[in-house]
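Chains as they are written, first to last, in this note's numbering: chain A, 1 to 164; chain B, 1 to 430.
Where a beta carbon is used, it is the ideal one built from N, C-alpha and C, also for glycine.
Down below is the structure, laid out as structure tokens.
The following block contains the structure:
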């Protein structure tokens, strides 16, 4: 599960710098291992047109059509703003067209929050995303959610991860 | 490990110990423990164990600022008969209390520890205790002896045989491996109790450290599990797939308060620690978490962001009479009720920094103890004099620190084999 998440994050270029090294399948299929670029961010992996298959191809298509797997929240907030709703609208369109795909919505707290509050806020964010996707007609069976609180680095957000 | 109490505490004269407690920093003589016959054990000879135990007792008493031990000196050697019939004249004018004891090999491979505390001036015994332990557990027996002396001197329970659970961390970022670890509060007897195959958070010990409740991502979602430390047997705290976290035992160990998130709303629940149907205690929208019982088990502190930011609240153990306690600047999170019930440790959050603070149990006299910028999750030691907390450095590496609430002193790092977070300090081990 962790590797799946990392692969998606790599495609979206939101990731810790060691992520690509932990995802050998992606590297084998796509391109040479991406090296960390300036600011610690890796370049987008793989040349355009590198062949992708199965769930990797679905992820690439999901990202291309919905713009982002991530939606962002204000500090301490679990309320979806207009940009988040626009992204989720595009995600919902894609999910409705791919009823065989199951996703996990990962909620994250804010850095510098206390541990348990961050877990709860992350859970609230994942739930807000899930509720909105359901409101837009995505069957609940396609959706699961989890909170990672502040246990993984990054800004306060929720990430929609294609599982299978 | 088992501790067998085989001696009946005889002639416990609490009137005598109360009189001693009024003196400032009673001086406690700790001459070397004796042995009736020097026999080998896998952990050293009984004479060697007796010597090491004497030194540990003196070290324990030194760590309690109320007492002034006279550490063992080889020339103070006590014969076995003198353990129960000490020469008081030798210590008069030098010490108020005298600790004697012995270590004796047993036929079953264990050793017997005997421990006696005397009022030197009055020339009488105040208390005694004894244990049969595996030789490798000699430290535990010595800590018990320290506790006996401390109680005789101050009237308060001895607090030397206690344990600290925490999360041991190796690697960084997404490659971080986390295991629940357990150690004596002096750092000895360190062990890992989960294998690191799944992410774990926030171990919380039962009062005597026999069980640990912690958060595991084993099912893919964070859920509280309760583990018997001795047998390794485990169960999920509540059935179902709801996200549960922030567990905390009641003072009698029979209940666990925790947070559960349903439909994005996090509330506090309580359930028998052996399982059963959880009962919901809070209903406010937003996040209610980090419950902590009062020492008598009748009230529960918690953190809520119902006012907009995190603040400390208290309620009855059935959820009634919820009231806000913290009103100072900034946010106040993760409360922990002190063993005497008079104070609250908390995490202060403001200006992008986290610090450890204390306030009175009614919310008054709040002050911050640490400089931050990433100090959190303080839990009290059983003496109520100091606490442990987690500190992160700029690179996100975490370690455990200990700080005295008396003030003046800096926090001291607690040595751990790897990076460490989420400490929890038990009460006295049985």
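Residue interval of the alpha helix (DSSP H) (run including residue i)
i: residue 62 of chain B; result: 46–63
i: residue 55 of chain A; result: 54–66
i: residue 143 of chain B; result: 138–154
i: residue 118 of chain A; result: 115–135
i: residue 80 of chain B; result: 80–84
i: residue 94 of chain A; result: 82–97
Residue i CB to nearest heavy atom of the ligand ATP below 7 Å
i: residue 39 of chain B; result: This structure lacks the ligand ATP; in fact it carries no ligand of any kind.
7 Å Cβ cut-off: residues of chain B touching residue i
i: residue 121 of chain A; result: 287
Short Cβ contact (8 Å threshold) for residue i with residue j
i: residue 193 of chain B; j: residue 215 of chain B; result: no
i: residue 50 of chain B; j: residue 103 of chain B; result: yes
i: residue 221 of chain B; j: residue 235 of chain B; result: no
i: residue 289 of chain B; j: residue 303 of chain B; result: yes
i: residue 312 of chain B; j: residue 346 of chain B; result: yes
i: residue 141 of chain A; j: residue 58 of chain A; result: no
i: residue 266 of chain B; j: residue 242 of chain B; result: no
i: residue 432 of chain B; j: residue 337 of chain B; result: Because chain B spans 1 through 430 in this model, residue 432 of chain B falls outside it and cannot be assessed.
i: residue 163 of chain B; j: residue 182 of chain B; result: yes
i: residue 402 of chain B; j: residue 419 of chain B; result: no
i: residue 32 of chain B; j: residue 80 of chain B; result: no
i: residue 107 of chain A; j: residue 126 of chain A; result: yes
i: residue 204 of chain B; j: residue 424 of chain B; result: yes
i: residue 245 of chain B; j: residue 110 of chain A; result: no
i: residue 136 of chain B; j: residue 250 of chain B; result: no
i: residue 167 of chain B; j: residue 375 of chain B; result: no
i: residue 84 of chain A; j: residue 72 of chain A; result: yes
Per-residue contacts from residue i into chain A (C-beta, under 9 Å)
i: residue 303 of chain B; result: 114, 116, 117
i: residue 259 of chain B; result: 116, 119, 120
i: residue 334 of chain B; result: 114, 115, 116, 117
i: residue 349 of chain B; result: 112, 113, 114, 117
i: residue 189 of chain B; result: Per Cβ cutoff of 9 Å: no residues; residue 189 of chain B is ~26 Å from chain A at best.
Chain-ordered chain B contacts of residue i [CB-CB under 8 Å]
i: residue 78 of chain A; result: 264
i: residue 110 of chain A; result: Under the 8 Å cutoff, chain B gives no residues; its nearest Cβ is about 10 Å from residue 110 of chain A.
Endpoints, beta strand (DSSP E) assigned at residue i
i: residue 413 of chain B; result: 412–414
i: residue 425 of chain B; result: 419–425
i: residue 268 of chain B; result: 265–272
i: residue 355 of chain B; result: 353–360
i: residue 212 of chain B; result: 211–216
i: residue 71 of chain B; result: Element bounds for residue 71 of chain B: n/a, residue is neither H nor E.
i: residue 390 of chain B; result: 386–392
i: residue 162 of chain A; result: 157–162
i: residue 145 of chain A; result: 143–149
i: residue 170 of chain B; result: 163–170
i: residue 400 of chain B; result: 398–404
i: residue 312 of chain B; result: 311–316
i: residue 183 of chain B; result: 177–184
i: residue 28 of chain B; result: 27–29
i: residue 346 of chain B; result: 343–350
i: residue 103 of chain A; result: 103–108
Beta-carbon neighbours of residue i, restricted to chain A and to distances below 8 Å
i: residue 199 of chain B; result: 151
i: residue 376 of chain B; result: 114, 115
i: residue 391 of chain B; result: What residue 391 of chain B touches in chain A: nothing, since even the nearest Cβ is about 13 Å away.
i: residue 202 of chain B; result: 115, 116
i: residue 354 of chain B; result: 112, 114
i: residue 310 of chain B; result: 114, 117
Per-residue contacts from residue i into chain B (C-beta, under 9 Å)
i: residue 146 of chain A; result: 217, 220, 221, 222, 243
i: residue 128 of chain A; result: 264
i: residue 124 of chain A; result: 261, 264, 265, 266, 286, 287
Where residue i meets chain A, residues with beta-carbon distance less than 7 Å
i: residue 385 of chain B; result: In chain order: nothing, as chain A lies at least about 24 Å away.
i: residue 246 of chain B; result: 116
i: residue 290 of chain B; result: 116
Minimum Cβ-Cβ distance from residue i to chain C less than 8 Å
i: residue 118 of chain B; result: The structure shown contains no chain C; its protein chains are A and B.
* To do: Would you check if there are 3 or more beta carbon pairs closer than 8 Å linking the region 186–203 of chain B to the region 121–133 of chain A?
  => no
* Asked: Are the region 389–404 of chain B and the region 124–139 of chain A in contact at 8 Å, needing three or more beta carbon pairs?
  -> no
* Stretch-stretch touch, CB-based, cutoff 8 Å, three pairs: the region 65–76 of chain B with the region 22–42 of chain B -> yes
* Asked: So, do the region 106–113 of chain B and the region 124–132 of chain B have three or more beta carbon pairs nearer to each other than 8 Å?
  -> Flag = yes, the region 106–113 of chain B and the region 124–132 of chain B touch.
* Mind the definition here: the region 345–361 of chain B touches the region 313–331 of chain B only if three or more C-beta pairs lie below 8 Å; say whether that holds. => yes
* Asked: For the region 369–382 of chain B against the region 139–156 of chain B, are there 3 or more C-beta pairs whose distance is under 8 Å?
  -> no
* Runs of beta strand (DSSP E) lying entirely within the region 79–127 of chain B, each at least 3 residues, in chain order -> With a minimum length of 3 residues, the continuous beta strand (DSSP E) runs that stay inside the region 79–127 of chain B are 97–105, 111–119.
* Asked: Which parts of the region 193–255 of chain B are runs of the beta strand (DSSP E), unbroken and 3 residues or longer, counting only runs that do not cross its ends?
  -> 200–205, 211–216, 223–228, 234–236, 243–249
* Asked: Are the region 170–179 of chain B and the region 135–143 of chain B touching, with three or more C-beta to C-beta distances below 8 Å?
  -> no
* Answer yes if the region 268–276 of chain B comes into contact with the region 86–96 of chain A, meaning at least three C-beta pairs across the two stretches below 8 Å, and no otherwise. => no
* What beta strand (DSSP E) runs, 3 residues minimum, are completely inside the region 283–339 of chain B? -> 288–293, 299–304, 311–316, 331–337
* **At least 3 beta-carbon pairs within less than 8 Å: the region 403–417 of chain B vs the region 379–388 of chain B** => yes
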